[in-house]
Structure formats: structure tokens, C-alpha cells
Amino acid sequence: MTEPLLITGLAATSAFGRGAAALLAGALAGHPAVRTVHRFDVSGRRVRVAATAPGSPDLGPELVEVIDAACEQAGLSARARTGCPLLLAVHGDPAMARVSDVDKPACSAAGLAEALAVSCGLGRAPWAYTSACVAATTAVADAAALILRGECERAVVAAGYLVEPDQFALFDAGRVLAPDGVVRPFSAQRKGLLLGDGIAAVVVEARGPARARGAQALGLLAGWGRAGDAYHVCAPRPDGAGLARATGAALRRGGVVPEQIGYVNAHGSGTPRGDLAESRGLHLALGPYAAQVPVSSTKSTHGQALEASGLLELVLTVLALRVGRLPVNAGFLAPDPDCDLRLVLDAPQRTDARYALTVNMAFGGANTALLVGTP
Amino acid sequence: MTGPGVGAVTLAQVRREVALAGLRVRACAHWPTAGANGRGQPPPVPGFVESSFSPLIADAGHRCLAACYGQPPAPPEEGPRTGILIVSRYGDVQSAAAVARAVDKGERVGPLMFYQSVPNAVAGHLAAAWGLGGPVACVSPAADPVAQSVQVVSLLVGDGDADGVLVILAEQACVNGGRDYALAALVVGEWLA
Chain E
1 MTEPLLITGL AATSAFGRGA AALLAGALAG HPAVRTVHRF DVSGRRVRVA
51 ATAPGSPDLG PELVEVIDAA CEQAGLSARA RTGCPLLLAV HGDPAMARVS
101 DVDKPACSAA GLAEALAVSC GLGRAPWAYT SACVAATTAV ADAAALILRG
151 ECERAVVAAG YLVEPDQFAL FDAGRVLAPD GVVRPFSAQR KGLLLGDGIA
201 AVVVEARGPA RARGAQALGL LAGWGRAGDA YHVCAPRPDG AGLARATGAA
251 LRRGGVVPEQ IGYVNAHGSG TPRGDLAESR GLHLALGPYA AQVPVSSTKS
301 THGQALEASG LLELVLTVLA LRVGRLPVNA GFLAPDPDCD LRLVLDAPQR
351 TDARYALTVN MAFGGANTAL LVGTP
Chain A
376 MTGPGVGAVT LAQVRREVAL AGLRVRACAH WPTAGANGRG QPPPVPGFVE
426 SSFSPLIADA GHRCLAACYG QPPAPPEEGP RTGILIVSRY GDVQSAAAVA
476 RAVDKGERVG PLMFYQSVPN AVAGHLAAAW GLGGPVACVS PAADPVAQSV
526 QVVSLLVGDG DADGVLVILA EQACVNGGRD YALAALVVGE WLA
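Which chain is which? The protein sequence lines are E and A, in order.
Taking our numbering, the leading residue of the first sequence gets 1, the next gets one more, and so forth.
Taking our numbering, the leading residue of the second sequence gets 376, the next gets one more, and so forth.
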């Protein structure tokens, strides 16, 4: 069992608006923040909706705002920030494909991370994560590993994706966007995902230093796991074995048995194959308890924020345990007998659970699981 | 805010950083091969089009693993505990440019571009071929790609989610002084060396 780390600051901006409270309220209400995309031309696309905030927000300034908000909530002084690395997860700046070679470094994921570290007074940004839907959660796991190795007392993990024309075109071309305009995770007749805006940041901290400076713990990062499928370039392993190994690693680190888990924030992209593999993976990892633990995919309301989704979902999982209410799995039409999960439907479910899992899957067979606890 | 790609990376640098981290390089390979002398293209990878990025990574990765294991798959006692880390400051610049051109002209994007635009995809290609079931991660390094790559590998191995990592540093010619480049190294903990 690993000594749990503390989450002492968190912040988010999503299609529900600014602030983690707006994200939580939207996810609990279960009304998708999906609207027609006006940010760029979608007239030639099969699907024309996404979970977008109004206007055309700029990724850099939005990230600065959430990083500052998370650091302020954690009560980090300017001096404490300087010893704090920034682990950023982003797809990269679409501008990179449109600028000269001389200007490309600043548009790279690492270039953005370095600029953010300077803007936010953080110590360094050694690298940035670009591993799609597990980028942010891999960053959280690595932040924990850095802290446990004694390389730092705390780390800021941030992630951002704002719906833009290039990824929208790619996902549309890949025919993975839901043509009915609704994300229906684990439901019969689910047809695909919808992209969504997501900007989030968390402060992960060792217990001793956090206590020494009187920081309030919002939640525990009690365990984490990462594993691969060894299966395909983009399809998930049908038996979910990679996700199960990542989940098992998170439970082992946390010293927690499946029956102690009171909620699973699922990856739940809403794609037919992905949700099926995830269901099987959860059954492999949790055994018969997989059919009893409450599960929801909050992508059904805030959309798929790619590299940032995992961090939005971590923020929601921490907040759900804090308020004792579990977000709804929206868009549900009817049970899929192959996805034997106890979904949170219709209304938020009350809980006094101490532990929850948030799991993610990505192309290349990448899987992560984070175990969250109440302080 | 500028920083180097991986074009200047040498195997000696990798070995030095890996040794400093208490790890070992079991095998390595790079593109261009000695015979290619900077010319030609890496072998195509089925399903990956228009860009050298994924073929570069696949070629260096396959040859590195072949140097260690011969034929795929990796031995069952090692493969499931071996991860893949792709390191590229700029990522797949050619694919990104192709998508941007199509979008800016109002044209449709080819469906194959969908998954190849994610750097994990080629990691999945290698993982499937060789039975590598460890973590899959992709990072864009800031200042020192070798030191930072080894630090990420060290985190994965030290943390216990992998016993070894196939790390592949790659950058395309358009951002790398006119030369496509990839270096793959199978890095393992001392207990597997």
C-alpha cells in the first residue's frame, strides 16, 4: 500500500462555464452541454454539435486561469509555486500546423507548458503529455511518482482541450461522432462520442508538507495504475484486460478491495466497442461487484475533452465524493445486456462512499485508473 | 520558449542518462540506418499514410525489439510488463499540416488520418506486434529530450507499472534540420539487464 497523496487544489472550465462548481452542477443535473458549433464552419461535417462554451476561448489564457485558481485554492505561496513542477496534458496548438518552422517550438506541447510555467510562477515544465485520452491521468500518476520519489513535495497537473476545427474534422472523418447528437454511454443504441471543451488543473501534494503549511485536503489520490492492451492501433482490447490491470494496480496501491469502491467515473465514450470493452474490463477488475457499484460516464454531459477529459473527470470524482452525490449517466435509452453495470440514471445518487475510481482508455491500447478517496 | 528536437540525440547520451538512472539499455536501433545514410524512407506501415512520423517510430521500434528478442512476440515473462514511451517535441508535423490544409480548404479529411494523428496509435501497432502490455505514454520534451525521456522511463519502472520501457525519440525532417530521425532503446531495470 502506498501512502495516499492529497489533492489540495482543483479548478475547471468546461462547456458548463467557469469553475469546478459549474462543472459539478452540470454533471449532477445530467443535462448535456451540447450545442451547435458556431466557433468554426461545420457545414461540411456529418455531425455539427459539441459541448462547447460560448465564444472562441483561447487555450493558453484559459489554462493560466485554472492553474492560478487551483494554486490559490491550495494556498500555494509564490515561493511554494517555484518548487512545484507543472505536468501539462494537451493535444498541442493547432496553430503549429499553420506557422513557419521558426515559430513551431512555441506551438509545441512542451513550448506551451514552458510558457505556462513561467506565466503561473511554477518551477518548471519538464515535458508535456500528448497521449490522447490518458494524457492527463498519466500525468497525475507520474506526478504522484515524482512526489513519492522525493523529487518534489507537490506538483500541478493541468490539461486543456478546446473544440477546434482540425480535431473536429478528424473525428468526423473517423465516423466516431454520435450522428444523433447525444452521447449514450453503455446504453443500447449508443452511436458515438461528442467532443467537448475542457480545461482543468489539480494540485497533488505529499501529506506532510501539506499539513505543515495548513493546507486543506479536498480529496485523496490513494492509488493509480497504467497498463497497455497489446492489441491494436486504435481499437480497445475486447476483453478489457489492459483496463483491468490498470485498475488492479490502482487498488493495490491504495490497499483497497473492490467492495470499498462506492463509485466509478467511467471512460464511457459512448462508442459501441469502447463501452463494451470497458464493461468487461471493470468486471475483470472488480469481479461480481462490477454489477453493483454505481457507474456513470460524465462525458455524457461535458463531452470528450480528449487530453483534458481525464482531469475533468478526476475533478468531478473528487467533488462527487465531497458532496455525496454521484453524477448522472445521461443519454441512456435502454440497457445493453453486454454492459452489465449499475448506471446512475435519471437523478444524482446519494453516497457516503469513501473511495471512487476514475478510469480512462485511449488509442494505442493505453489505460489508466486513479483511485480517489475522501480526506 | 524554444527547445531542441531529438535530431542531435546519440546513443551514447542515452546510455549515459540511462546508467545515471540506475537502468540499462538492452537493445537499440535508429533511423536512418547506417546503410540509408540519411536517404530513403522507412518502410511503410499499413494504415498510416502521408507522413513519415509513424513509420519512423515503427521501424526503429521493430528493429530495436528484434535486436533483443529476434522474432515477435516478446517473451511472456517480459512483454506484458514492458511499456512504450514515444518522445517527440513536435509530434507528427506532416499529418497535422495535411489535416490543416484540408480543413482550411474546406475539404474532407481522409479517415485514416483520424487515428494516425494520435501518437499513441503507432505505439499500439508495436505493442500488438510484440505483445507489450505495459503503459503507453507520449510526451513532448522541453529542454533535454534524452534526460527527460529517461526520467519518464524511470518513473514508470520505479513506480512498478513496468519492468522495462521501449522508448522511441523521433522528429521529422521539417523540424529537425532536414533529416527524419528516430532512436529506439529498450530500457530495463537492473533486475532484467
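Built from N, CA and C at the ideal position, the CB exists for glycine as well.
- [ ] Could you say which of E:Leu-195, E:Val-264, E:Gly-92 lies nearest to E:Gly-60 if we only look at CA atoms?
- [x] E:Gly-92
Task: Simplified DSSP assignment, three categories, for E:Gly-206 - done: In the sequence on display, residue 206 of chain E carries Ala and not Gly. Here E:Ala-206 sits in coil by DSSP.
- [ ] Taking 8 Å as the threshold, find out whether the segment 353–366 of chain E comes into contact with the segment 133–151 of chain E through three or more Cβ pairs.
- [x] yes
Open item on the list: Count Cβ pairs between the segment 96–110 of chain E and the segment 325–334 of chain E that sit closer than 8 Å; are there 3 or more?
Closed with: no
Open item on the list: Our contact map puts E:Gln-73 next to E:Leu-10 with C-beta atoms below 8 Å; I'd like the distance itself, whole angstroms only.
Closed with: 7 Å
Open item on the list: On the CB-based measure, 16 or more other CB atoms within 10 Å of its CB, does A:Ala-394 come out buried or exposed?
Closed with: exposed
- [ ] Under 8 Å by Cβ, that's how I've got A:Ala-545 and A:Ser-470 pegged, so tell me the actual separation to the nearest angstrom.
- [x] At roughly 13 Å, the Cβ-Cβ gap does not stay under 8 Å, so A:Ala-545 and A:Ser-470 are not in contact.
- [ ] Answer with yes or no whether the minimum CB distance from E:Gln-349 to chain A is below 9 Å.
- [x] no
Task: Cross-chain neighbours of E:Lys-299 in chain A, by beta carbon under 9 Å - done: Those do not exist, as E:Lys-299 stays about 17 Å from chain A at its closest Cβ, beyond 9 Å.
- [ ] Determine the chain A residues that contact E:Ala-50 at a beta-carbon separation under 9 Å, and present them in chain order.
- [x] None at all; the shortest Cβ gap to chain A is about 15 Å.
Task: Min CB distance A:Arg-391 to chain E below 9 Å - done: no
Task: Classification of E:Thr-130 by the beta-carbon crowding that lies within 10 angstroms, buried from 16 upward - done: buried
Open item on the list: I need the straight-line Cα distance from E:Ser-77 to E:Ala-12, nearest angstrom please.
Closed with: 20 Å
Open item on the list: Does E:Ser-14 pass the burial test, meaning 16 or more other C-beta atoms within 10 Å, or should it be called exposed?
Closed with: buried
- [ ] Let me know the alpha helix (DSSP H) ranges lying completely inside the segment 75–121 of chain E, each 4 residues or longer, listed in chain order.
- [x] 78–82, 104–107, 109–119
TODO: Under 8 Å by Cβ, that's how I've got E:Leu-170 and A:Val-474 pegged, so tell me the actual separation to the nearest angstrom.
DONE: 6 Å
Task: A:Gly-553 versus A:Gly-415, A:Leu-501, A:Leu-460, A:Arg-391, residue with shortest Cα-Cα distance - done: A:Gly-415
Task: Contacts that E:Met-96 makes with chain A (C-beta to C-beta distance below 8 Å) - done: Tyr-465, Val-468, Ala-471
TODO: From the DSSP output, in three-state form, read off E:Tyr-129 for me.
DONE: strand
TODO: Evaluate the contact criterion for the segment 363–375 of chain E versus the segment 242–250 of chain E: three or more CB pairs, one atom per stretch, below 8 Å.
DONE: yes
TODO: Tell me where the alpha helix (DSSP H) around A:Cys-443 begins and ends.
DONE: 428–444
Task: Interface flag, E:Ser-108 vs chain A, CB-CB below 9 Å - done: yes
Open item on the list: On the DSSP letters alone, give me the boundaries of the beta strand (DSSP E) that E:Arg-154 sits inside.
Closed with: 154–161
Task: Contact residues within the segment 230–245 of chain E, judged by C-beta distance below 9 Å to chain A - done: Ala-230, Tyr-231, His-232, Val-233, Cys-234, Ala-235, Ala-241, Gly-242, Arg-245
Task: CB of E:His-302 within 9 Å of CB of E:Gly-198, strictly - done: yes
Open item on the list: Please report whether the beta-carbon of E:Gln-167 lies at a distance below 9 Å from any beta-carbon of chain A.
Closed with: yes
Task: Cβ of A:His-500 within 9 Å of any chain E Cβ - done: yes
- [ ] Mind reading off the beta-carbon distance from A:Leu-507 to A:Ile-459? Whole number of angstroms is fine, and I expect it under 8 Å.
- [x] 6 Å
Task: E:Pro-61 - DSSP class collapsed to helix/strand/coil - done: helix
Open item on the list: Can you tell me whether E:Met-1 is helix, strand or coil according to DSSP?
Closed with: coil
Task: Residue-level contact to chain E via CB, A:Leu-431, 9 Å cutoff - done: no
Open item on the list: Using the three-state DSSP reduction, which class does A:Arg-399 fall into: helix, strand or coil?
Closed with: strand
Open item on the list: Would you say A:Ala-477 lies against chain E (beta-carbon separation less than 9 Å)?
Closed with: yes
- [ ] Give me whichever residues DSSP pairs with A:Trp-505 in a beta bridge.
- [x] According to DSSP, A:Trp-505 bridges with nothing at all.
Open item on the list: Checking the sheet assignment: what are the DSSP bridge partners for A:Leu-544?
Closed with: A:Val-462, A:Leu-558
Task: Within chain A, the residues that E:Lys-191 reaches when beta carbons sit closer than 9 Å - done: Here the premise fails: no neighbours, minimum Cβ distance about 16 Å.
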